[in-house]
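Data first, discussion second: the structure below is written as structure tokens.
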Amino acid sequence: MLNSLRSIVQEVNAARDMKSALVIIVTRVKQAMKTQVCSVYLRDAQGDYVLMATDGLNASAVGQVRLAAGEGLVGRVVVREEPINLEHAEAHPSYQYFPETGEERYSSFLGVPIIHHRKVLGVLVVQQIEQRRFDEGEEAFLVTMSAQLAGVIAHAEATGVVVAPGEKATQAKFAGVSGAPGVAVGQAVIISPLADLRSVPYQACKDVDEELAFFHRSLAAVREDIKSLGSQLKSRINREEQALFDAYLAMLDDASLGGEVSERIRKGAVAAYAWSEVILEHESIFNSMSDPYLRERAADLRDLGRRVLAYLQESNQKTRIYPDKTVLIGEELTASMLGEVPKEKLVGLVSVLGSSNSHVAILARAMDIPTVMGAVDLPFTQLEGRQVIVDGYKGNVYSDPSDNLLKQYEAIELEEQAIVKGLEALKDLPCETLDHYRLPLFVNTGLMADVVRSLERGAEGVGLYRTEVPFLLRDRFPSEEEQRAIYREQLGAFAPHMVTMRTLDIGGDKALPYFPIEEDNPFLGWRGIRVTLDHPEIFLSQIRAMIKASEGLDNLRILLPMITNVHEVDASKALIHRVYSELVEEGYSVKVPQIGAMVEVPAAVYQARELSKKVDFLSVGSNDLTQYLLAVDRNNVQVAGLYQAYHPAVLQALQHVVDAGHAEQVSVSICGELAGDPGAAILLMAMGYDVLSMSATNLPKVKSVIRNITLVQAKELLAEVMQMAYAEQIQARVNRALREAGVTRLMRTAVTDEAS
Ligand code: PEP
Ligand code: MG
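All residue numbers for the sequence shown refer to my numbering, where the first residue is 815 and numbers rise by one.
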């Protein structure tokens, strides 16, 4: 049973389109359950459940038989949201007979709902003429099958709207989550890691003969590689293992994979796409085999597939020309990928994986690039070169938009520019409430580009300089001198304002390409201060570079990430003081920097007082704190709805930290994304936060809100929401406060659904 289950799911996963996926489901499930009928009903746009595929009933009934929820046995399964298993189906009060199915009077009926994200997408049914009670094991099999297929069906339904290459495209909408606000209209450019078979974008080839020649040249190069690998290993491997190399070579022949690929190139696809398609198809056949030895061969095929693909992609990558309005789309965008596109050409970003708190989204917000994350149903490999709209407010992506939609989004782009202009006027005005309470607004930076924008927008200091950003954009650790120069630029640009430099915060989802950290649970693993304390040589050279860079400016504050206990602060302080003394001995005229601890994990919340005794300031990293308090992976779009910044537990923790810090007379700031949310900023001010640090993009909006409210009103609002038990209730109340303060235009959450 387990084998059939796995192989059916794999086959369905590899199906080209929804229709073939459904055919595979009904034929294979019917076989596996040794029954006479298997059918799938799916919900249509009207909410009816329509027979979409069957093996056993009249094929002409497909698309004809439809039932409303509650109607017939299928409709009963929908409303009950659980299986119905009947030996005498006709005796059931809900039973309905549909003559068009050619249905004989099937006695036995087992129907299970197909549920995805709490919604009933459809019903999977098996039937049999003879009376047969499907036993518990069979029922469990069908339930498991349906649970596994739900995601695949939802994905196939969502992606099915993009037409095949060459056909006339029509508008399609794909939902994700907001990564960075704003809207962008541009041309899709797909970026994929090299040699990743699943993310090769479809491209039409310009000259078939040239493409075929290129393909054969690449095959010849791989053949040479394999032969030399084989001869290098000759003395170390046995005859059977050597045969594997011969098998590899045979697979590349025209009579085998090579021939199939050439055929697809002749039909118009570029070699890389044609090759990846053929390999994936063969891989899925191997995967679905019951013989474990043959299944293992899928891995060999994949390996061969990657080797050839690397050759096919290498030359393409170098010659890439980016369109003027590039919307960069990738399965998993990373910070370093952003650097590949010239800055003036990059207008939007879409990542299939990841969520709004992934680091690439944070970087996008810093760079002011409208971004959608977690667009899991986006058939990104089919979008190369197509026109797309990125709605970074709502988290939607549109491919091949209609003229009507384009006009609406272009109007929004213009309106946005006007709002930004209006906010720019606030630059030189203080961030002060109507009752004259001053709240310093700092910025979060990482790139030099942020510095210019931050200064233009009137930042009063840097609350978080993410030093990992320059580390991420290189192919080795920067030297101490390279770091000093980068840090000097930051410190110099903001002097005399304070610049808070965080020590290297890698791990989690921030992997340096040249320092890989492989872990099952990276967010609970080796990250932040844990890495740098284990590698004092990295920590010391960074601290030396920072302190040297501050010479004569004296505006450096050092911030320690991911602190979970007091030892980590003690150890870091000891190293910082050692560096300071050494530099003084070496003749540098430097001051001891202020040292702060980040509060990003629940342990630090509860030890905020003890930590405060050791440091000059605390800074709350609410992105990670929310993740760890709510046990919600900040990158996982599946649980993005649970990542609630206004969760009462998060607000309680935030209040606790500021009270603890103030009890020890240390200043408490916040540098997570929450600080840049205009509504949350009101609450944080009322809690007593001394500094809010945010992306330069959000700074004028937050300033505008603070300038339109009194501290007294903010405190009343806080007192009210702290009594509430639901995040949604708090959000709604805060939104009302923003409306009352007359700043609703800053809260745009994009085009209305009617518009789209
Ligand atoms: C945070 O966790 O809130 C934070 C500011 O750090 P980062 O987003 O870089 O993890
Ligand atoms: Mg963090």
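Beta carbons are placed, not taken as given, at the ideal position from N, Cα and C, and that holds for glycine.
In or out: residue i buried (at least 16 other Cβ within 10 Å) or exposed?
i: N1218; result: exposed
i: A1533; result: exposed
i: W1340; result: exposed
i: N817; result: exposed
i: Q945; result: exposed
i: R857; result: buried
i: Q1479; result: exposed
i: D869; result: buried
i: V976; result: With a pLDDT of only 49 at V976, under the threshold of 50, the placement of this residue in the model should not be trusted, and no figure is reported.
i: K1208; result: buried
i: A978; result: Caution applies to A978, whose pLDDT of 49 falls short of 50 and renders its modelled position unreliable; the value that the coordinates give is listed next. Exposed.
i: I1135; result: exposed
i: H1096; result: buried
i: K1157; result: exposed
i: D813; result: The chain is shown from 815 up to 1570; residue 813 falls before or after that span and cannot be answered.
i: A1463; result: exposed
i: Y1107; result: exposed
i: Q1127; result: buried
i: L1008; result: exposed
i: N812; result: Because the chain is modelled from 815 through 1570, residue 812 falls outside the range shown and cannot be assessed.
i: M866; result: buried
Mind checking who residue i pairs with in its DSSP beta bridge?
i: C852; result: D869 and V940
i: V1313; result: V1276 and L1370
i: G886; result: Answer is none; G886 lacks a bridge partner.
i: L1347; result: Partner(s): none; L1347 has no beta bridge.
i: A1083; result: A1018
i: L881; result: Y863
i: R857; result: Y863
i: V934; result: I929
i: G1321; result: K1324
i: T1259; result: Y1279
My assumption, with CB atoms under 8 angstroms, is that residue i sits in contact with residue j. Please give the rounded CB distance.
i: V1383; j: A1411; result: 6 angstroms
i: T1177; j: G1260; result: According to the sequence shown, residue 1177 is Leu rather than Thr. Confirmed, Cβ separation roughly 7 angstroms.
i: R1280; j: D1319; result: 7 angstroms
i: V1451; j: G1206; result: About 15 angstroms separates the two Cβ atoms, so there is no contact after all.
i: L767; j: V1164; result: What the structure shows of the chain is the stretch from 815 to 1570, and residue 767 is not part of that stretch, so it cannot be assessed.
i: L935; j: A903; result: With a Cβ gap of about 23 angstroms, L935 and A903 do not count as contacting.
i: A1539; j: A1494; result: With 8 angstroms as the limit, A1539 and A1494 do not qualify as a contact, their Cβ atoms being about 18 angstroms apart.
i: R880; j: V864; result: 5 angstroms
i: A1418; j: I1377; result: 6 angstroms
i: C1485; j: G1277; result: 5 angstroms
i: R1111; j: T1511; result: Not a contact, Cβ separation roughly 51 angstroms.
i: L1531; j: L1497; result: 7 angstroms
In the DSSP assignment, find the beta strand (DSSP E) that holds residue i and state where it starts and stops.
i: N899; result: I898 to L900
i: P927; result: S922 to H930
i: I1484; result: S1481 to I1484
i: L1287; result: From DSSP, L1287 is part of no beta strand (DSSP E); its letter is neither H nor E.
i: L1163; result: L1160 to S1165
i: M1508; result: V1505 to M1508
Could you spell out the range, first to last residue, of the alpha helix (DSSP H) harbouring residue i?
i: T1148; result: First-last for T1148: undefined, no H or E at that position.
i: V1548; result: A1541 to E1554
i: I1143; result: Looking at the DSSP string, I1143 is not in any alpha helix (DSSP H); the run it does join, the beta strand (DSSP E), is T1140 to G1144.
i: A1137; result: It should be noted that the sequence gives Pro, not Ala, for residue 1137. That residue, P1137, is in no alpha helix (DSSP H); it is neither H nor E in DSSP.
i: D1473; result: P1462 to A1477
i: E1333; result: Where E1333 is concerned, there is no enclosing alpha helix (DSSP H), given that its DSSP letter is neither H nor E.
i: E1303; result: E1294 to F1308
i: L1497; result: P1492 to M1501
i: I1520; result: L1513 to I1520
i: M847; result: M832 to M847
i: A1533; result: L1525 to V1535
Enumerate, from N- to C-terminal direction, the unbroken beta strand (DSSP E) stretches of 3 or more residues contained entirely within the segment 966–1037.
Taken in chain order, the complete beta strand (DSSP E) segments of 3 residues or longer contained in the segment 966–1037 are 986–989, 991–994 and 997–1004.
Let me know the beta strand (DSSP E) ranges lying completely inside the segment 1375–1449, each 3 residues or longer, listed in chain order.
Here the runs fully enclosed are 1408–1413 and 1431–1434.
Secondary structure, alpha helix (DSSP H): runs of 4+ residues fully inside the segment 1096–1126
The segment 1096–1126 is shown to contain no whole alpha helix (DSSP H) run of 4 or more residues.
Taking only runs that begin and end inside the segment 1178–1257, name each unbroken alpha helix (DSSP H) of 4 or more residues, in chain order.
Qualifying alpha helix (DSSP H) stretches, in chain order: 1217–1238.
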